[in-house]
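> Supplied in structure tokens, the structure appears directly below.
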Amino acid sequence: MGGAVLTTATLAGVSMFFALSMALNAAPATAGFVSMVWFLAILNLDRWLVSSLQRSARRRDILKIAIPRAALALLFGVIISTPLVLQIFGPEIEAEITKIRIEQSSANQRMLDSGPMAQEIKRLQGERESLLVTIAGGGTAVDAVGNDREADRLTALLEIQRKRRDANEDAAACELTGDKCKGRVRHDAGPGPYWKKYKRREADAAKRIAVYQQQLDERTESVRQRAEATAGDTLKEARTRLPVVQARLKLLQGAQSDQQKAFEEKNAANKGFLIRLKALDRASGNDFTLGMWRALVFLLITTLECLPIFVKILFLLGRPTRYDELLEAYERERLELGKQTARKERQAGFLANNDEILYADYVARERSKVLEAMAQRAAEAELEVAQRSLDLWRDRELRLLPHDVDGYVEVRGTLPMPIQEAEPGGIQPPVNPMLAAAGAAGNGRRRIPRWGTLTALFRRGR
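Written out as structure tokens, the structure reads:
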């Protein structure tokens, strides 16, 4: 199977090389690089198409998967086989391309000859010849009557009446003698009513011819006399007009020649993919042998391109082989191994999560112990500071007590004022007994005893 896939990829790379050389006229190095990339792409694509087909218990399930892949392989096979077929039948294609180019060149020349530019060139050529004749005749137009509209009208009427006269003359002869009856129903010969009718028409046409001929002669003579009278002006006008006509004619002829030359260059450079396909179609359509071999070679290369996928489908539709049984056992073993690996990974994940949870709990417990120790030390430090502050305050108050005994006694037996709270961050300083007494005497306020400071100190210590 691997060899078949490698063969199809090699054919695809060679086909891409020929396609780039024919369609884009690419350099060999560029075509080789792109062909190598295409080779790798087809190699991987065919490998995927083959490996994605797996055996199933029901053939219907196999066909559901196989039909789209077979269609894709067939599409690539048709595309890849076309450049190879064109390369194989190269000589026949080149011969047919030469014929196609000749036909296209002739068609382009006919188009140029019948186009507006060609009509203008013909008109200018006729005008140039007329001007040259006029100049050669000294200003007297040789074809002056031909350029007169009235003379042209009379000439056309004369031609119509002559045809009418001749037709009635033949019809009368057919009725009279049986001669000149081509395309007519011949009646009994003799001067009958049909013969008389045709003779009357013939005589009427002859009269009209005589009238129109006389008018044409008179018009011709009038035009000739007028041309002789204006010969000088006509000669001057012809000499002035001739260079203009010649310049215009030369310009249009050059443009027409350039168009034909450009088409010939483009036609000769057309060596692409489409013209080769067209040439092969024409050549094989006119030659049965060539057409048959073209179809056979095309089918052969397409079949080779689709061979891996077709072989794999046939294997899947047939009975299981030893290889299929070994492959199935190997797949079951890999599946079981994968399940075991998944279970191990899941257990490892559970263990890892459990370790993380235990670690987090341990950290939380240790952190709680540290916080508790820190809180205990903070409380001990606060107690120590409070005791030290109390000792200092006691010593200071004992030193001040002999000097102000009345400050610590309530006046007239009244109860003490509410105790003031200590300021944040320190001990409430004792109230000066002199200031308290002065305040009580002046505004009737009660004095604040110093033991309020002691109570606040103990409250803060707690």
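For reference, each letter of the sequence shown is one residue, going -26 to -1, 1 to 436 in mature numbering (1 follows the signal peptide of the UniProt record, and there is no 0).
Using N, Cα and C, we set each Cβ at its ideal position, and we do this for glycine too.
Is the beta carbon of R174 closer than 8 Å to that of D122?
no
> Select from G166, R136 and L128 the residue whose C-alpha is nearest the C-alpha of A146.
Among G166, R136 and L128, the Cα nearest to that of A146 belongs to G166.
> By Cβ distance below 8 Å, which residues in the same chain neighbour S9 in space, the five residues on each side in sequence not counted?
G(-14), V(-13), M(-11), F(-10) and L(-7)
> Output the boundary residues of the alpha helix (DSSP H) element that contains V107.
P90 to A110
> Where does A378 fall in DSSP's three states?
Note that residue 378 is Asp in the sequence shown here, rather than Ala. The answer is coil: DSSP assigns D378 none of H, G, I, E or B.
> Mind listing, in chain order, the continuous alpha helix (DSSP H) runs of no fewer than 4 residues lying wholly within the stretch -26 to -1?
Taking only runs of at least 4 residues, the alpha helix (DSSP H) segments lying wholly in the stretch -26 to -1 are -25 to -4.
> Quick check: the stretch 309 to 318 against the stretch 81 to 89, are there 3 or more CB pairs under 8 Å?
no
> For S258, name the three-state secondary structure that DSSP assigns.
helix
> Take the Cβ of I283 as the centre, count every other Cβ of all protein chains shown within 10 Å, and call the residue buried at 16 or more, exposed below.
buried
> Between A3 and the ligand NAD, is there a pair consisting of the residue's CB and a ligand heavy atom that are separated by less than 7 Å?
With respect to the ligand NAD, the structure offers nothing, as it holds no ligand at all.
> Straight-line CA distance for L357 to S363?
10 Å
> Tell me which same chain residues have a C-beta within less than 7 Å of the C-beta of V24, skipping the five on either side of it?
M(-26), V(-22), P282, I283 and K286
> Write down the C-beta distance between Q189 and L128 rounded to the nearest angstrom, noting that I regard them as a contact closer than 8 Å.
5 Å
> Is the CB-CB distance between G45 and L17 below 8 Å?
Here residue 45 turns out to be Ala, not Gly, going by the sequence shown. Against a cut-off of 8 Å, the Cβ pair of L17 and A45 comes out as no contact.
> Going by the beta-carbon positions, is the gap between A253 and E94 smaller than 8 Å?
no
> Return yes when the Cβ of S79 is within less than 8 Å of the Cβ of N241, no when it is not.
yes
> Can you check which of these residues, Q61, R34, L209 and R102, is closest to V218 by C-alpha distance?
R102
> Identify whether K245 lies in helix, strand or coil by the three-state DSSP scheme.
coil
> Helix, strand or coil: how does DSSP classify P165 here?
P165: coil per DSSP, three-state reduction.
> Rounding to the nearest angstrom, what Cα-Cα distance links R317 and G323 in this structure?
10 Å
> Just to confirm my understanding: we take R268, look at its own chain, exclude 5 residues before and 5 after, and list those with CB closer than 6 Å. What are they?
S258
> In or out: L(-16) buried (at least 16 other Cβ within 10 Å) or exposed?
Counting Cβ neighbours within 10 Å, L(-16) comes out buried, since at least 16 surround it.
> Keeping to the same chain, check which residues put their C-beta closer than 7 Å to that of Q220; ignore five residues upstream and five downstream.
In the same chain as Q220, and ignoring 5 residues on each side of it, the C-beta atoms closer than 7 Å to its own belong to R102, in chain order.
> Shortest alpha-carbon distance to K38 belongs to which of G265, A303 and L290?
Out of G265, A303 and L290, L290 has the C-alpha closest to the C-alpha of K38.
> Smallest Cα separation from L132: which of F7, R33, Y186 and T276?
Y186
> Rounded to whole angstroms, what's the CA-CA distance from Y168 to D191? Just pull it up for me.
35 Å
> By how many angstroms is the C-alpha of K224 removed from the C-alpha of residue 510?
The shown model of the chain, from -26 to 436, leaves out residue 510, and the question about it has no answer.
> Taking all protein chains shown into account, do 16 or more other C-beta atoms lie within 10 angstroms of the C-beta of W22, making it buried, or fewer, making it exposed?
exposed
> Consult DSSP for R32 and reduce its assignment to one of helix, strand or coil.
Correct three-state label for R32: coil.
> How many angstroms separate the CA atom of L409 from the CA atom of D365?
Low confidence applies here, because L409 scores a pLDDT of 42, under 50, leaving its location unreliable and the question unanswered by this model.
> Which residue marks the beginning of the alpha helix (DSSP H) containing D140, and which one marks its end?
R123 to T151
> By alpha-carbon positions, which one of M(-5), N244, N(-2) and R32 ends up nearest to R75?
Closest in alpha carbon position to R75, among M(-5), N244, N(-2) and R32, is N244.
> What does the alpha-carbon distance come out to for the pair A(-1) and G246?
11 Å
> Just to confirm before moving on: does the CB-CB distance between R222 and L98 stay below 8 Å?
Yes.
> Taking K170 as the reference, give the member of K181, L150 and T263 with the closest Cα.
L150
> Mind checking F63: buried by the 16 CB within 10 Å criterion, or exposed?
buried
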